[in-house]
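Structure first, then comments.
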Amino acid sequence: MSESQHSSVCGQGGADRPASLEEGQQVFAKSIGVFSATAMVVGAIIGSGIFSTPAFVWQQVGSPGMSMIMWLLGGILTIFAVQCYSELGTMLPRSGGEQVYLSYIYTKPKELIAFLFCWVNVAGSRPAGSAANVIIFAKYLMYATFGPPKALSGGTLKNNYDWIMRGFGILGLLVVMTLSIVSTNWTLRLHNIITIIKVAVLLAIAIASVVVLAGGAQDIEQPGNWEGAFEGTSTGVSDYAFSLFKVLWTYSGWNNVILVLGELRNPSRNLPIATIGGVSIITTLYLLANAAYISVVPAAVAFSGREIIAASFVSTVFGPYVGRVVLPLLMSLSALDNVMIVLFAVSRLIFVMGQQRYLPALGFFMRVHSRFGTPYNGVIAFGCIIAIMMLAPPPGEAFDFLTTFSPYSRIFFFGLTTTGMLILRRREPLKERPFRVWWPLAVVYTTVVVFLAVIPFVPPENSTTSTIPYYLAPIMGIIYMLIGVPLWFIMVPHDGHIGEAWRSIVRFLGCKPTPLPQPAASNKQPDV
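The sequence shown begins at 217 in the working numbering and counts up by one.
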């Protein structure tokens, strides 16, 4: 930021201070243009998922043809969602994302839905997704440095591989936390550069597969996966639900730009361009990448090493060094970049939570760095939650659990937001809407959300060897939301006063509170 921007955010050279609580006040500079916003959408979506999830989806639905349909469906549904969000964002162009829309739409009970959204996103789904990306960052970094885990000989590295990997993940997390605190502009510049690299990698994968299919690489044997493209297609509804969860997780991240909408220049024009354009680019790239994997990697190889399918592709096409070292390093960088941009966005959500009095110690979470102009305490708090999420699950199965838990605990609020858009159409038909979505798209998306909220409780037909029960992720998502209710009761209706909240419960139940014991009176005369 420039010095003038610093003064507008932090005052004139003083110590760090909390920002004003005045609603609608512009706290951070409008430093995001349409290119950076589009890059934020594209770059936040391209994390680790497209390099690791396609094999899982392919195996789950049973055929390459149906796998391609699932990826196309995920892109279409995401485009439906971003159009709904663009209508709301251009109506209410403030930072905070769904918190702004949910508090505006669902006013009773007082800000409950908005509070639960913030609680789940800051303490549940978003750190879970970022923790999964930190794990992938470390996994690919170690793959490039030490080779495949199965090829390691005995010793400390092999015996403690999972925990050493998490140590690398913590180091990467500390790096992006530091950058997010030190400079907003450099965070966005670095993200834009990495986004260009990620798009170039996916295009290179797509072009290489076309060359192989056209016979331009005579030494590469084609596995013939496209012969009988729909043979073996699953008939289990739950298999498609779990696959769609994985696909939508891989498409997730598009709404990070909504969280920083107050920093976007000309949101009425730039928001629809960035979101719809960005997701359209991603859908095309994802379909090309999946077609490339299926065209080159044999099904048995893809299924045996699901999280490294892209590395298997590049090793086959470009040679073992590029596949074992270069591409894994790029994948590692891609995953860490995703963590960086989520950290950037959610730190602003934490700042908004402080403004709305959703958090204790309001001054702490609303403090802006006097030199760098960033909400550094929000960055630190969110980074710590990511670290806990990464270290808590059992080694070896953290990735599958986190990638299921992350979208499930968010899916309710996507549905509530798109439903709320329809409610506002009827409640405030005359309100200015710079962008309008065709309402049936919102109905279709909301219907799919309801389906996805219920179906994970049905046992999958294609069973796995995971020790984590299939129902644990959705149950954890529900538990996280329920934990937020008593927190809301304390923080919002009773302004953070636990005693007053307890007395309200007692009065509601019709109980007479037990008076606290009083110290016995003393007859001793005071010393003169």
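Backbone N, C-alpha and C define an ideal beta-carbon position, used for all residues, glycine too.
Residue burial classification, Arg758 (beta-carbon count within 10 angstroms, cutoff 16):
Nothing can be reported for residue 758, as the shown portion of the chain is limited to 217 through 744.
To which residues does DSSP link Ile248 through a beta bridge?
As a working mapping, residue 248 is identified with position 32 in the sequence shown. BP columns for Ile248 point to Leu480.
Count the other C-beta atoms from every protein chain shown that fall within 10 angstroms of the C-beta of Glu238, then say buried if there are 16 or more, exposed otherwise.
Here residue 238 refers to the residue found at position 22 of the sequence shown. Since pLDDT at Glu238 reaches only 42, below the 50 mark, its modelled position is unreliable, and no value is offered.
Rounded straight-line distance, which links the Cα of Lys647 to that of Pro309
For this step, residue 309 is matched to residue 93 along the sequence shown. For this step, residue 647 is matched to residue 431 along the sequence shown. Approximately 14 angstroms between the Cα atoms of the pair.
My output table needs one value for Asn376: the three-state DSSP class, helix, strand or coil.
Residue mapping note: residue 376 aligns to position 160 of the sequence shown, counting from 1. Coil, per DSSP.
C-alpha distance - Tyr359 paired with Leu387, whole-angstrom precision:
Taking the first residue of the sequence shown as 1, we reach residue 359 at position 143. Taking the first residue of the sequence shown as 1, we reach residue 387 at position 171. Looking at the two C-alpha atoms, the distance is approximately 16 angstroms.
So what does DSSP say about Val512, is it helix, strand or coil?
If you number the sequence shown from 1, residue 512 lands on position 296. In the structure shown, Val512 sits in a helix (DSSP, three-state: H, G or I).
For Phe598, the first and last residue of its enclosing alpha helix (DSSP H):
One-based indexing of the sequence shown puts residue 598 at position 382. 592-607 is the span of the alpha helix (DSSP H), which, as asked, contains Phe598.
Using CA coordinates, which residue listed in Met307, Trp402, Leu332, Gly478 is at the minimum distance from Leu575?
On the sequence shown, residue 575 is found 359 positions in, with the first residue counted as 1. For Leu575, the nearest C-alpha among the options comes from Leu332.
For Pro675 and Tyr537, I'd like the C-alpha separation in whole angstroms.
Translated into the one-based positions of the sequence shown, residue 675 becomes position 459. Translated into the one-based positions of the sequence shown, residue 537 becomes position 321. Spanning the alpha carbons of Pro675 and Tyr537 requires a straight line of approximately 41 angstroms.
Between the Cα of Phe598 and the Cα atoms of Trp442, Lys374, Ala339, which residue gives the shortest distance?
Along the sequence shown, one-based indexing puts residue 598 at 382. If we check each option's Cα against that of Phe598, Ala339 comes out closest.
Determine, using beta carbons only, whether Ala422 and Val257 come nearer to each other than 8 angstroms.
For the purposes of this step, residue 422 is taken as the residue at position 206 of the sequence shown. For the purposes of this step, residue 257 is taken as the residue at position 41 of the sequence shown. Cβ distance not < 8 angstroms, so Ala422 and Val257 don't count as in contact.
Three or more C-beta pairs under 8 angstroms: does that hold for the segment 278-286 against the segment 447-459?
The segment 278-286 makes contact with the segment 447-459; the number of CB pairs closer than 8 angstroms reaches 3 or more.
Just list the alpha helix (DSSP H) runs in the segment 252-306, keeping only unbroken ones of 4 residues or longer that don't cross its boundaries, in chain order.
265-277
Could you check if Glu447 is buried or exposed, using at least 16 other CB atoms within 10 Å of its CB as the buried criterion?
Taking the sequence shown and counting its residues from 1, the one referred to as residue 447 is at position 231. Looking at its Cβ environment, which holds fewer than 16 other Cβ atoms inside 10 Å, Glu447 is exposed.
Which one of Gly715, Leu688, Pro483, Thr466 has the shortest CA to CA distance from Ala551?
As a position in the sequence shown, residue 551 is number 335, starting the count at 1. Here the closest residue by C-alpha is Thr466.
Between the CA atoms of Arg405 and Met286 - distance to the nearest angstrom:
If you number the sequence shown from 1, residue 286 lands on position 70. If you number the sequence shown from 1, residue 405 lands on position 189. Their Cα atoms are separated by approximately 33 angstroms.
Do Arg649 and Thr306 have their CB atoms nearer than 8 angstroms?
Translated into the one-based positions of the sequence shown, residue 649 becomes position 433. Translated into the one-based positions of the sequence shown, residue 306 becomes position 90. A contact, by the Cβ cut-off of 8 angstroms.
Would you check if the distance between the CB atom of Ala505 and the CB atom of Leu429 is smaller than 8 angstroms?
Sequence index remark: in the sequence shown, residue 505 carries index 289 (1-based). Sequence index remark: in the sequence shown, residue 429 carries index 213 (1-based). No, they are not a contact pair.
Assign Pro270 to one of two classes, buried (16 or more other C-beta atoms within 10 Å of its C-beta) or exposed (fewer than that).
Mapped onto the sequence shown, residue 270 falls at position 54. Its Cβ being crowded by 16 or more others within 10 Å, Pro270 is buried.
Could you pull the start and end residues of the alpha helix (DSSP H) that Leu429 belongs to?
As a working note, residue 429 is residue 213 in the sequence shown. 400-429 is the span of the alpha helix (DSSP H), which, as asked, contains Leu429.
Proximity to Phe628 [Cα-Cα], best of Ser720, Ser252, Ile706, Ser341
On the sequence shown, position 412 is the one that residue 628 refers to. Distance from the Cα of Phe628 is smallest, within the candidate group Ser720, Ser252, Ile706, Ser341, for Ser341.
Check whether Phe296 and Val660 have beta carbons under 8 angstroms apart:
On the sequence shown, position 80 is the one that residue 296 refers to. On the sequence shown, position 444 is the one that residue 660 refers to. Contact flag set, yes.
Could you check whether Pro365 and Tyr377 sit closer than 8 angstroms to each other, using their CB atoms as the reference points?
Residue 377 sits at position 161 when you count from the first residue of the sequence shown. Residue 365 sits at position 149 when you count from the first residue of the sequence shown. Cβ atoms of Tyr377 and Pro365: closer than 8 angstroms.
Among Glu443, Met697, Gly594, whose alpha-carbon lies nearest the alpha-carbon of Gly570?
The count along the sequence shown starts at 1 and reaches residue 570 at position 354. Nearest C-alpha to Gly570 among Glu443, Met697, Gly594: Gly594.
Same chain, Cβ closer than 6 angstroms to Gly726, five either side skipped, listed in chain order:
Position 510 of the sequence shown, counting from 1, holds the residue named residue 726. So no residue of the chain qualifies.
Within 10 Å of its beta-carbon, does Phe673 have 16 or more other beta-carbons around it, so buried, or fewer, so exposed?
For the purposes of this step, residue 673 is identified with residue 457 of the sequence shown, where counting begins at 1. Counting Cβ neighbours within 10 Å, Phe673 comes out exposed, since fewer than 16 surround it.
State the start and end residues of the unbroken alpha helix (DSSP H) segment that holds Lys462.
Here residue 462 refers to the residue found at position 246 when the sequence shown is read from its first residue. Looking at the DSSP string, the run of the alpha helix (DSSP H) that includes Lys462 is 453-467.
Three-way DSSP call (helix, strand, coil) for Gly726 in this model
For the purposes of this step, residue 726 is taken as residue 510 along the sequence shown, with counting starting at 1. Three-state DSSP puts Gly726 in coil, outside helix and strand.
How many angstroms separate the CA atom of Gly444 from the CA atom of Arg481?
Here residue 444 refers to the residue found at position 228 when the sequence shown is read from its first residue. Here residue 481 refers to the residue found at position 265 when the sequence shown is read from its first residue. Approximately 50 angstroms between the Cα atoms of the pair.
From Lys246, Met582, Leu565, residue whose alpha carbon lies closest to that of Asn401:
As a working note, residue 401 is residue 185 in the sequence shown. Closest option to Asn401, Cα to Cα, is Lys246.
Assign Leu202 to one of three DSSP states: helix, strand, or coil.
Outside the displayed range of the chain (217 to 744) lies residue 202, so it cannot be described from this structure.
Helix, strand or coil: which one does DSSP assign to Ser318?
Translated into positions along the sequence shown, residue 318 becomes position 102. Just to set this straight, residue 318 is Leu in the shown sequence, not Ser. Leu318 falls in the helix class under three-state DSSP.
Using three-state DSSP, classify Pro343 as helix, strand or coil.
Indexing the sequence shown from 1 puts residue 343 at position 127. The answer is helix: DSSP assigns Pro343 an H, G or I state.
Within 8 angstroms, strictly: CB atoms of Glu314 and Phe651:
In the sequence shown, the residue the question calls residue 314 occupies position 98. In the sequence shown, the residue the question calls residue 651 occupies position 435. Against a cut-off of 8 angstroms, the Cβ pair of Phe651 and Glu314 comes out as no contact.
Mind pulling the alpha helix (DSSP H) runs of 4 or more residues that sit fully within the segment 520-573?
525-534, 543-571
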